[in-house]
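Numbering of the sequence shown is given in my numbering, commencing with residue 2 and proceeding in unit increments. Here the structure is laid out as structure tokens; the discussion comes afterwards.
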Amino acid sequence: MRIGFIDSGVGGLSILTTVRAKVPAHYIYVMDNQYLPYGEKSEAFIQSRLAQLSALLIEEGADLIVIACNTATTQAVASLRPQFDVPFVGTVPAIKPAAAQYCQSGFTVLATPATCRSSYLQGLIAEFAPGCPVGTAGSSELVRLAELKVWYQQDVCSAVAAELSRLGLLQQRPAALVLGCTHFPFLKAELAACLPDTVFLDTAEAIARRVHALVAVDGNVTSASEEYRHLYISSGALDERQRVRVAELGFDQYQHWSKPATTC
Ligand code: DGL
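Dropping the structure here:
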């Protein structure tokens, strides 16, 4: 069993780690860092780029693809499913569980600008949180800070506080913050230091359960004793520090795949 993951950067690793703990398999992670941040790209660009990356993963033998990116899921997952034979698991902000617990107090979705303005997110809010006070806050700066923290262990605490202040969240102090971007769980410590009374919700566990269920239904349950190889692919070249980090993150192989996007 080979499970493919796609994100623009390191964000999807927050999902992969949780899935990998539950589902023994070969993992292939594609990081499209040449075009990061996705949150500033058009829907047409993301749809065509995701089709290119899905084709790459299928060529590499992926039996299932996790779109480990809320932005790519909200913009492109519906267009991918009819194009390919493999199942796709998408990542969307945890609106349903947030509404179940925090409808009265209200909650805020912290995501990328593209996810915040997507009709997909508006549809989730209308379906699962009707009548609840739901705010949205879009940030590409937090994506950049998560990259700096994961790759270079930079101290991003005061930069995260400045961005939360710019977004008005330090002042609002929401009861719950839905982390609607897979980069943001990497900033949980910094977010919690700024907003100590806020509860943070993400979707990694739900995705791990979904992947586990799909793998089990397909009869592809693999044995934990088998030796697995994990491949990391990036569309932009990695520097020396990043290559070391890829190995530290549990990948045995690294490939640079530099094919440019076909849509601007
Ligand atoms: N990690 C991505 C998400 O979940 C997007 C980050 C970006 O803007 O590239 O939305």
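For each residue, glycine too, the CB sits at the ideal point set by N, CA and C. None of these values were measured; they are calculated from a predicted model.
Residue(s) in a DSSP beta bridge with residue i
i: Gly139; result: Ala112
i: Val67; result: Phe6, Val90
i: Val31; result: Ile7, Ile234
i: Phe201; result: Leu178
Start-to-end residues for the beta strand (DSSP E) that takes in residue i
i: Leu180; result: 177-181
i: Tyr103; result: It is not in any beta strand (DSSP E) - Tyr103 instead sits in the alpha helix (DSSP H) that spans 96-103.
i: His257; result: 254-257
Interface flag, residue i vs chain D, CB-CB below 8 Å
i: His27; result: In the structure shown, chain D does not exist; there is a single protein chain.
Continuous alpha helix (DSSP H) stretch holding residue i: start and end
i: His213; result: 205-218
i: Gln53; result: 44-60
i: Tyr121; result: 120-129
i: Gln172; result: 170-173
i: Gln154; result: Taken as a continuous stretch (DSSP letters only), Gln154 belongs to no alpha helix (DSSP H), as it is neither H nor E.
i: Gln243; result: 241-249
i: Thr263; result: Premise fails: Thr263 is in no alpha helix (DSSP H) and is neither H nor E.
i: Ser15; result: 14-23
i: Ala190; result: 189-195
Cβ pair residue i, residue j closer than 8 Å
i: Asp203; j: Pro186; result: yes
i: Ile4; j: Ala63; result: yes
i: Ser141; j: Gly40; result: yes
i: Leu65; j: Pro88; result: yes
i: Ala262; j: Ser49; result: yes
i: His27; j: Arg230; result: yes
i: Cys195; j: Thr113; result: no
i: Leu215; j: Val93; result: no
i: Ile208; j: Val31; result: no
i: Val179; j: Leu111; result: yes
i: Ala77; j: Leu51; result: yes
i: Lys150; j: Leu188; result: yes
i: Val11; j: His184; result: yes
i: Leu143; j: Glu128; result: no
Best match in the options for proximity to residue i [C-alpha to C-alpha]
i: Thr264; options: Ile7, Ser43, Ala100; result: Ser43
i: Gly169; options: Thr109, Arg21, Ser159; result: Thr109
i: Ala190; options: Val216, Val161, Val218, Val179; result: Val161
i: Ala99; options: Pro197, Tyr121, Pro83, Cys133; result: Cys133
i: Ile59; options: Pro114, Phe6, Leu146; result: Phe6
i: Ala177; options: Phe201, His213, Ala130; result: Phe201
i: Tyr121; options: Thr75, Gln53, Ser55; result: Thr75
i: Ile234; options: Val24, Ala45, Thr18, Leu54; result: Leu54
i: Leu232; options: Asp240, Glu241, Phe252; result: Phe252
i: Ala138; options: Thr116, Ile29, Tyr30, Gly13; result: Thr116
i: Ala205; options: Ala52, Cys70, Phe129; result: Cys70
i: Ala147; options: Cys104, Ser166, Leu37, Leu81; result: Leu37
i: Tyr153; options: Ala79, Ile47, Ile29, Leu250; result: Leu250
i: Cys104; options: Val135, Asp198, Glu228; result: Val135
i: Arg242; options: Ile47, Leu171, Ala217, Gln155; result: Gln155
i: Gln102; options: Thr199, Ala217, Ala79; result: Thr199
i: Leu57; options: Gln35, Ile47, Ala79, Ile29; result: Ile29
i: Pro197; options: Val218, Phe46, Gln172; result: Gln172
i: Ser119; options: Ile47, Asp33, Val157, Gly13; result: Ile47
i: Asp240; options: Leu14, Asn34, Met2; result: Asn34
i: Leu81; options: Gly107, Val218, Ala45; result: Ala45
i: His213; options: Val67, Gln123, Glu61; result: Val67
Rounded Cβ spacing between residue i and residue j (contact assumed at less than 8 Å)
i: Ala245; j: Tyr255; result: Per the sequence presented here, residue 245 reads as Val, with Ala not at that position. The pair is not a contact, with the Cβ atoms about 10 Å apart (cut-off 8 Å).
i: Ala130; j: Ile96; result: 6 Å
i: Glu228; j: Pro25; result: In fact, because the Cβ distance is near 10 Å, the residues do not count as touching under 8 Å.
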